[in-house]
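Trainee: Residue numbers (this note's numbering), protein chains in the order written: chain A, 21 to 874; chain B, 44 to 295.
Sending over a structure as structure tokens; questions will come in a sec.
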Amino acid sequence: MRAPVLRTQVAAAARRPSRLLLTGLAILVAAFVVYATVLAREITQRTAYDNLTTIPAAADLVVGGSDQPGTSGAVLARIRAVPGVAEAAGRGGTEVTVGGAYLSLWRDPGSGPLATTRLVEGSYPDGPGEVAVTRRTAERMGLAAGNTTGAAVATGERAPVSVTLTVTGVVEAGTDAGQDAYAPEATVAALGGPDEVDRVDLRLAPGADADDVRGRIATVLAAAGPDRPTVSTGAEARDREARAAIEHLDSLFAVVFMFVGVAVAAAALVATSTFRIVFASRMRQLALLRAIGAGRGGLVRALAAEGAVTGLAAGVVGVAAALAAGHGLPPLLRAAGPAVSSPGTPLGTAVAVVLGAVLLTVVAVLAPAVSAARVSPLEALRAASTTAGRRDVGAARLVVGLVLAAAAALTAYLVVTQLPEPGGQESYPVESVLLQLVGSGALAFFALVALGPLLVRPVLAAVGWPVRQFGPVARLAVGGIGGAPRRAAAVSVVVALGVTLIAGVLVGGDALRVVSDRELALRAPADLEAAAGADAALPAGVVERARSRPELVRVTPYRRVAEGLTLAPPGTAPAGAGGSGVSATDLDPRALPAMDKLDVADGSLAALGPGRVVLAASVARDTGLAVDESVTLRYAGRAAEVRVAAVLPDWAPLATGMLADRRDLDRLGVPAAYSGLLADAAGPGEEGRTAAVRALRQAVDGVDGVGLAVHADERDEANSLLDALIGIAVGLVGLTSVIAVVGVGSTTALSVVERVRESGTLRAIGLSRAGLRAMLTTESALYGLIGATLGLLLGVPYAWLAVKALGLAAPLTLPLLPLAGLFAALVALTALAGVLPARRAARVSPVSALATDG
Amino acid sequence: MRTYERPEPNLAAVAAVDLVKVYGSGETAVRALDGVTVAFERARFTAIMGSSGSGKSTLMHCLAGLDTATSGRVLLGGTDLTRQSDRVLTRVRRERIGFVFQAFNLLPQLTAEQNITLPLDLSGRRPDRDLFAHVVEVLGLGERLGHRPSELSGGQQQRVALARALVARPEVVFADEPTGNLDSRAGAEVLALLRDSVRDLGQTVVMVTHDPVAAGYADRAVLLADGRIAGDVDAPDPASVTEALRVPAVGR
């Protein structure tokens with residue numbers, strides 16, 4: 021009786037294709053996501069290949085490359101002389117210092133097919149000592165077209181050579197770090213820097229034989245010595261370069277696919293739940309088939325086949341949609357600006373994804389199909405549908421759930437015992453511990469899936485209380501959810517998974533931000549720094565000049581003692597051993613707002629003062645000192661006793677081991693000359709920063725030995741990198757939440773269909789259309805409410821464990837606002853998902869609703 | 044020849060005037076009601092009888108504001124229900140009409156007591172505690188108030204449905220084949236309770252049925268055939284009603 025049963029089911033499904041689509045919606049979204057990720061990888065690879073290479077397209081042959089040794093100017097000349105070579109451009113740069121700041125001088129022909137720069141102002145240099153700069157360099161270093169400046173060329177072994185550079189123009193190059201200049205090869209070579217050519221790009225003369233030229237060049241190179249580069253075609257060299265650049269992209273995509281995998285698993289969970297609902301609403305029909313003689317096996321096979329058809333349709337539509345997006349988006353982006361390449365059409369992968377969708381759906385449909393086929397034929401004869409009161413969770417499921425929960429708790433406990441000590445251990449197996457943590461989390465989630473129905477009523481009682489106050493309709497909604505705890509659990513659990521992942525990212529990201537801020541506060545305590553070399557001092561007048569400039573604020577000079585200072589426990593003999601060397605600084609952490617981000621492991625920074633010092637974690641560990649203990653400082657024969665005010669979780673600012681008060685260093689006889697100064701830019705934005713850099717440079721007045729650092733750039737880069745990382749991570753884990761919301765929508769839509777009679781009764785006894793809509797939308801939102809609550813309860817503790825397990829000495833934070841936003845967003849989204857089904861339900865007239873065959 | 048009974052607003056709880064209901068259009072149009080004019084008196088138990096397809100359920104749906112007629116008028120007390128908005132009809136159903144269905148139609152997730160007070164909850168009214176206690180006692184539901192429908196027998200569920208209809212003190216209680224899903228004993232119980240509510244509470248009850256035995260409990264039986272009034276029997280008993288059904292309507 022297989023075929024006839026299948027025919028009835030397929031006929032029923034064909035009559036209502038929208039029902040089929042609803043059931044498979046989660047699978048559709050999953051197929052879309054998987055194939056879209058595959059296409060995204062293609063797009064990224066192609067864009068990288070097309071845009072990330074520094075080798076111009078016109079280069080026919082390339083000698084050397086980033087992974088090979090360079091060659092010399094003499095060899096370059098000989099290569100140029102090979103017949104068949106139309107043009108040879110040598111690549112590489114020389115380090116030059118201008119007024120204490122570093123400038124990279126790159127070789128570039130400036131014009132012609134092998135040029136990598138484009139002239140935008142002035143003229144390209146062609147005489148001795150002439151250079152062109154990039155725009156940012158011109159602004160930052162004050163080198164506009166027409167300026168002349170003295171410079172020192174680094175030569176490696178010998179002392180730097182002084183030259184005079186004339187800026188003739190401004191060019192546009194691939195990157196602009198604010199310290200780049202370009203000049204023809206002859207000019208650069210004449211400056212006297214090291215004779216190194218990193219790479220040679222060659223253009224062949226028309227009609228030249230590439231292999232012949234290659235052979236000749238190989239001969240030239242062979243004569244140059246054993247440590248030599250090789251010749252490759254332009255295409256090969258570009259390929260190698262692009263491959264190197266995108267190597268880490270592949271591992272990145274591996275991580276992405278892992279998260280996509282989680283989303284696919286969530287889709288399977290949703291599909292199981294929706295199939296269960298669909299079959300429940302068809303119970304009378306299935307019972308009828310059983311009554312007239314269809315066997316259980318035949319029924320299961322027919323239902324499974326229906327699942328396969330659903331999976332096929334969902335997979336095909338999902339892949340097609342992804343293809344449309346993958347081919348439609350890049351041209352739009354290209355019109356808007358970024359040069360993004362189009363992907364190909366990986367057909368093999370497409371077929372694989374569709375087959376995967378079918379397989380996934382069949383797996384998802386098996387359990388509901390088996391329990392639906394168990395319907396007793398008598399159900400067909402019952403006119404009034406009295407749903408048998410099923411227990412929430414069977415005995416077997418309860419046992420499995422408890423075992424899983426116990427296993428999860430045990431693994432979590434194991435992780436806790438393995439957590440690293442503050443300060444870090446030498447051999448801490450981060451990956452292994454994190455893997456155990458992920459395992460524990462997975463076990464906990466499966467326990468949640470098994471025990472879900474038991475949790476629905478208590479959670480509903482807790483979070484439903486405020487909802488119930490909203491009137492009889494809200495109470496009906498709460499009752500409606502609580503009356504079907506298995507269904508509520510099936511949907512809410514997927515929402516919980518999505519929320520757990522996002523909450524984990526938010527909490528983890530917040531902790532990382534604290535760590536990052538702390539690192540920046542240590543390394544880059546202000547926008548700008550001017551520092552003398554080790555053990556040297558700032559020339560006199562620098563600090564006053566800097567203070568007098570309006571473009572600089574909070575000019576904070578400091579002393580840094582690198583050698584000669586020792587710590588010893590109090591009471592040890594003044595002379596001789598018994599003390600460890602430590603570097604210290606008297607930088608006042610209260611002077612610069614960036615240092616507010618400094619957190620302490622113990623004690624309080626505010627206690628820093630005369631006679632009180634702050635130690636780095638490593639120093640405290642090595643000396644065994646703790647807060648409020650005394651220690652003797654020794655310097656050049658003098659001693660001073662101080663107490664520990666605080667211990668920092670990592671290094672002390674400016675890469676020292678100790679923060680001391682100015683007066684203590686004076687007491688010890690540390691020279692009063694400043695080692696450096698920190699300052700912030702007075703004006704906002706890029707403009708203010710450039711002005712401040714110029715001001716500080718002028719204050720330093722080109723004195724040798726004083727280095728200028730623009731920490732603000734580093735800080736911006738680190739912050740935007742962290743933001744981008746967190747944003748991408750949220751986007752990735754957000755996939756699962758998207759699937760969850762889709763699941764809520766389809767569940768609500770299908771349960772509306774299943775409860776048509778109930779809706780009709782409510783309308784008959786006087787519930788208005790708006791009331792019915794409100795009730796169904798509230799039910800939908802309640803799924804989100806339950807799921808979000810469970811998700812936060814599960815996600816935040818595991819996130820804290822993960823933060824501790826990473827061993828970054830990061831604090832346990834609770835970003836309340838983002839988490840509250842997440843909670844509200846998910847409730848709102850699930851409510852939204854219920855709006856359409858609610859509207860459709862309210863449109864049905866009470867009469868037709870009541871007349872529906874239960 | 045149709046008898047035109049002019050409904051007297053003072054006496055009629057609900058009345059239909061020249062009611063026509065057509066389903067579909069063109070060739071497949073079905074005239075479920077073909078010009079029905081009838082009035083139902085207050086505090087009386089009236090049965091609407093007919094075989095399947097006679098239009099009796101359609102008539103009830105129109106009278107109760109569950110469906111809109113194609114032409115004609117429906118008067119509930121003094122209110123004209125025809126062509127009212129869904130919002131108004133919903134209010135009317137909530138506050139002035141009670142229902143008893145063949146399929147019980149209780150909400151499975153609510154207890155018996157919650158099901159009984161559901162219409163009142165929806166309109167934000169509190170039940171009359173004395174009436175509630177009286178109805179519960181008369182219907183014998185005192186022990187069952189905390190149970191869910193899945194824990195009640197068919198007869199008990201129908202009694203809960205009846206309590207739901209009565210406790211709200213509606214102007215009219217409409218019962219659509221209330222004994223269809225019950226065995227004869229439970230059915231007899233429910234019919235007796237319907238009749239008693241008329242006697243004791245002064246309730247107006249309009250019952251649709253095809254069963255002559257059930258019609259025997261009513262004070263009056265209106266017969267419908269092919270969408271038209273085909274007879275009107277006062278103080279019916281099963282025998283007279285069966286006889287009236289067999290004889291084709293006079294003066295079609």
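Note that beta-carbon positions come from the ideal geometry of N, C-alpha and C, so glycine has one too.
Where does leucine 685 of chain A sit, in a helix, a strand or coil, going by DSSP?
Mentor: As a position in the first sequence, residue 685 of chain A is number 665, starting the count at 1. Correct three-state label for leucine 685 of chain A: helix.
Trainee: May I ask you to list the residues that DSSP assigns as paired with valine 187 of chain A?
Mentor: Taking the first sequence and counting its residues from 1, the one referred to as residue 187 of chain A is at position 167. Bridge partners of valine 187 of chain A: A/Val151.
Trainee: Drop a sphere of 10 angstroms on the beta-carbon of phenylalanine 295 of chain A, count the other beta-carbons inside from all chains shown, and report buried for 16 or more, exposed for fewer.
Mentor: Counted from its first residue, the first sequence places residue 295 of chain A at position 275. Phenylalanine 295 of chain A should be labelled buried.
Trainee: With a cut-off of 8 Å on the beta carbons, I'd call valine 374 of chain A and leucine 434 of chain A a contact; round off their distance for me.
Mentor: Within the first sequence, the letter at position 354 stands for residue 374 of chain A. Within the first sequence, the letter at position 414 stands for residue 434 of chain A. 41 Å between Cβ atoms; not a contact.
Trainee: Which bits of chain B does threonine 768 of chain A rub up against, with CB to CB less than 9 Å?
Mentor: Here the question's residue 768 of chain A lines up with position 748 in the first sequence. Within chain B, no residue comes near threonine 768 of chain A; the closest Cβ sits about 16 Å away, beyond 9 Å.
Trainee: Would you please verify whether the beta carbon of valine 772 of chain A is less than 8 Å from any beta carbon of chain B?
Mentor: Within the first sequence, residue 772 of chain A is the residue found at index 752, counting from 1. So, not an interface residue.
Trainee: Please state whether DSSP places proline 577 of chain A in a helix, a strand or coil.
Mentor: The residue given as residue 577 of chain A occupies position 557 in the first sequence. Three-state result, proline 577 of chain A: strand.
Trainee: Closer than 8 Å by C-beta to aspartate 171 of chain B: which residues in its own chain qualify, once you throw out the five before and the five after it? Chain order, please.
Mentor: Counting from one through the second sequence, the residue named residue 171 of chain B turns up at place 128. Val210, Arg212.
Trainee: Taking DSSP as the reference, what is the three-state secondary structure of arginine 178 of chain A?
Mentor: As a working mapping, residue 178 of chain A is identified with position 158 in the first sequence. Here arginine 178 of chain A sits in coil by DSSP.
Trainee: For threonine 57 of chain A, count neighbouring C-beta atoms within 10 Å of its own C-beta (all shown protein chains included) and say buried if the count is 16 or more, exposed if not.
Mentor: Looking up residue 57 of chain A in the first sequence gives position 37. By the neighbour-count rule (16 or more Cβ atoms within 10 Å), threonine 57 of chain A is buried.
Trainee: Quick one: grab the DSSP three-state call for tyrosine 655 of chain A.
Mentor: Position 635 of the first sequence, counting from 1, holds the residue named residue 655 of chain A. Strand.
Trainee: Could you give the residue range of the beta strand (DSSP E) that holds glycine 84 of chain A?
Mentor: Residue numbering aside, residue 84 of chain A sits at position 64 when the first sequence is read from its first letter. 81-84 is the span of the beta strand (DSSP E), which, as asked, contains glycine 84 of chain A.
Trainee: Residues of chain A with CB under 9 Å from proline 170 of chain B, in chain order?
Mentor: Here residue 170 of chain B refers to the residue found at position 127 when the second sequence is read from its first residue. None at all; the shortest Cβ gap to chain A is about 13 Å.
Trainee: Helix, strand or coil for isoleucine 140 of chain B, going by three-state DSSP, please let me know.
Mentor: Taking the first residue of the second sequence as position 1, residue 140 of chain B is located at position 97. Isoleucine 140 of chain B falls in the strand class under three-state DSSP.
Trainee: Closer than 9 Å, Cβ to Cβ, to anything on chain A: give me those residues from the region 144-160 of chain B, in chain order.
Mentor: Residues passing the 9 Å Cβ filter: Phe144, Gln145, Ala146, Phe147, Asn148, Leu149, Leu150, Pro151, Gln152, Leu153, Gln157.
Trainee: With DSSP as the reference, please indicate the residues paired to tyrosine 66 of chain B in a beta bridge.
Mentor: Working through the second sequence from its first residue, we reach residue 66 of chain B at position 23. Per DSSP, B/Val73.
Trainee: Taking 8 Å as the CB-CB cut-off, is arginine 538 of chain A touching chain B?
Mentor: Position 518 of the first sequence holds residue 538 of chain A. No, its Cβ sits nowhere closer than 8 Å to a Cβ of chain B.
Trainee: Can a CB atom of chain B be found closer than 8 Å to the CB of serine 865 of chain A?
Mentor: The residue you call residue 865 of chain A lines up with position 845 of the first sequence. Serine 865 of chain A counts as touching chain B.
Trainee: Let me know the secondary structure DSSP gives threonine 809 of chain A once reduced to three states.
Mentor: As a position in the first sequence, residue 809 of chain A is number 789, starting the count at 1. Helix.
Trainee: Would you mind reading off the limits of the alpha helix (DSSP H) that contains arginine 641 of chain A?
Mentor: Indexing the first sequence from 1 puts residue 641 of chain A at position 621. 637-643 is the span of the alpha helix (DSSP H), which, as asked, contains arginine 641 of chain A.
Trainee: Measuring CB atoms only, is the region 792-807 of chain A touching the region 859-867 of chain A, in the sense that at least three cross pairs come out at less than 8 Å?
Mentor: They touch, by the three-pair rule.
Trainee: Tell me the rounded alpha-carbon separation between alanine 428 of chain A and glycine 461 of chain A.
Mentor: By one-based count along the first sequence, residue 428 of chain A stands at place 408. By one-based count along the first sequence, residue 461 of chain A stands at place 441. About 7 Å.
Trainee: Whether or not the region 122-129 of chain B and the region 234-242 of chain B are in contact is what I'm after, with contact meaning three or more pairs of Cβ atoms, one per stretch, closer than 8 Å; do they touch?
Mentor: Judged by Cβ distances under 8 Å, the region 234-242 of chain B makes no contact with the region 122-129 of chain B, as fewer than three pairs qualify.
Trainee: Quick check: the Cα distance between arginine 210 of chain A and serine 740 of chain A, rounded to an integer number of angstroms?
Mentor: Within the first sequence, numbered from 1, the residue matching residue 210 of chain A stands at position 190. Within the first sequence, numbered from 1, the residue matching residue 740 of chain A stands at position 720. Position check: residue 210 of chain A holds alanine in this sequence, whereas arginine was assumed. Rounded to whole angstroms, alanine 210 of chain A to serine 740 of chain A spans 40 Å at the Cα level.
Trainee: Tell me, please, whether the CB atom of threonine 122 of chain B is closer than 8 Å to any CB atom in chain A?
Mentor: For the purposes of this step, residue 122 of chain B is identified with residue 79 of the second sequence, where counting begins at 1. No - not a single Cβ of chain A is within 8 Å of the one on threonine 122 of chain B.
Trainee: Cα separation between arginine 538 of chain A and alanine 426 of chain A?
Mentor: Start at 1 with the first residue of the first sequence, and residue 538 of chain A comes out as number 518. Start at 1 with the first residue of the first sequence, and residue 426 of chain A comes out as number 406. Going from the Cα of arginine 538 of chain A to the Cα of alanine 426 of chain A covers about 38 Å.
Trainee: List, in chain order, every chain A residue whose beta-carbon is nearer than 7 Å to that of phenylalanine 2 of chain B.
Mentor: Any question about residue 2 of chain B goes unanswered here, given that chain B covers just 44 to 295.
Trainee: Between which residues of its own chain and leucine 288 of chain B is the CB-CB distance below 6 Å, once the five residues before and five after are set aside?
Mentor: Within the second sequence, numbered from 1, the residue matching residue 288 of chain B stands at position 245. Result list for leucine 288 of chain B: empty, nothing under 6 Å.
Trainee: Is valine 265 of chain B helix, strand or coil when you go by DSSP?
Mentor: Locating residue 265 of chain B in the second sequence gives position 222, counting from the first residue. Valine 265 of chain B: strand per DSSP, three-state reduction.
Trainee: Would you verify that the beta carbon of proline 492 of chain A is, or is not, closer than 8 Å to some beta carbon of chain B?
Mentor: Walking along the first sequence from the start, residue 492 of chain A turns up at place 472. Yes, its Cβ sits closer than 8 Å to a Cβ of chain B.
Trainee: Alpha carbon to alpha carbon, how far is alanine 203 of chain A from tryptophan 126 of chain A? Give it in angstroms, no decimals.
Mentor: Indexing the first sequence from 1 puts residue 126 of chain A at position 106. Indexing the first sequence from 1 puts residue 203 of chain A at position 183. So the two alpha carbons sit approximately 6 Å from each other.
Trainee: Do you know whose CA, among A/Arg783, A/Leu526, A/Arg219, lies nearest valine 135 of chain B's CA?
Mentor: As a working note, residue 135 of chain B is residue 92 in the second sequence. Of A/Arg783, A/Leu526, A/Arg219, the residue nearest in Cα terms is A/Arg783.
Trainee: Would you say aspartate 164 of chain B faces chain A, with C-beta separation under 8 Å as the test?
Mentor: Reading the second sequence from its first residue, position 121 is the one you call residue 164 of chain B. Closer than 8 Å: yes.
Trainee: Taking Cβ positions only, does threonine 125 of chain B come closer than 8 Å to chain A?
Mentor: Along the second sequence, one-based indexing puts residue 125 of chain B at 82. Taking Cβ atoms only, chain A never reaches closer than 8 Å to threonine 125 of chain B, which makes this a no.
Trainee: Verify whether the separation of the beta carbon atoms of glutamate 214 of chain B and isoleucine 140 of chain B is less than 8 Å.
Mentor: In the second sequence, the residue the question calls residue 214 of chain B occupies position 171. In the second sequence, the residue the question calls residue 140 of chain B occupies position 97. Yes, the Cβ-Cβ distance between glutamate 214 of chain B and isoleucine 140 of chain B is below 8 Å.
Trainee: What do you reckon, are the CB atoms on aspartate 275 of chain B and leucine 266 of chain B nearer than 8 Å?
Mentor: Within the second sequence, residue 275 of chain B is the residue found at index 232, counting from 1. Within the second sequence, residue 266 of chain B is the residue found at index 223, counting from 1. Yes, Cβ-Cβ distance for aspartate 275 of chain B and leucine 266 of chain B is below 8 Å.
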